[in-house]
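Remarks on the structure that follows.
Residue numbers (our numbering): 74 to 142.
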């Protein structure tokens with residue numbers, strides 16, 4: 074799973090680096106964009122996956138009405 078997160082998370086970085094190069098940026102600037110955007114997107118993706126619920130949810134108990142005294 075961590076390898077998948079790294080691969081998928083860096084894809085927007087490659088698109089951003091390609092866009093930077095197509096606009097006439099240097100290779101160094103494209104690498105900085107790739108590492109920055111890739112790192113940011115990987116962290117966001119990892120946080121979203123970590124906050125997802127895990128496993129099946131058990132049946133919930135029906136609320137029981139307590140008679141008033």
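Idealized CB from N, CA, C, for every residue including glycine. Computed from a predicted model, the values in this text were never measured in an experiment.
query                                                                                          : result
Cβ contact (3+ pairs, closer than 8 Å) linking the stretch 78 to 95 and the stretch 108 to 121 : yes
Residue 120 versus residue 126 - alpha carbon distance                                         : 12 Å
Burial state of residue 79, where buried means 16 or more other Cβ atoms lie within 10 Å       : exposed
9 Å Cβ cutoff met for residue 90 and residue 106                                               : yes
Distance between residue 103 and residue 75 (C-alpha atoms, nearest Å)                         : 25 Å
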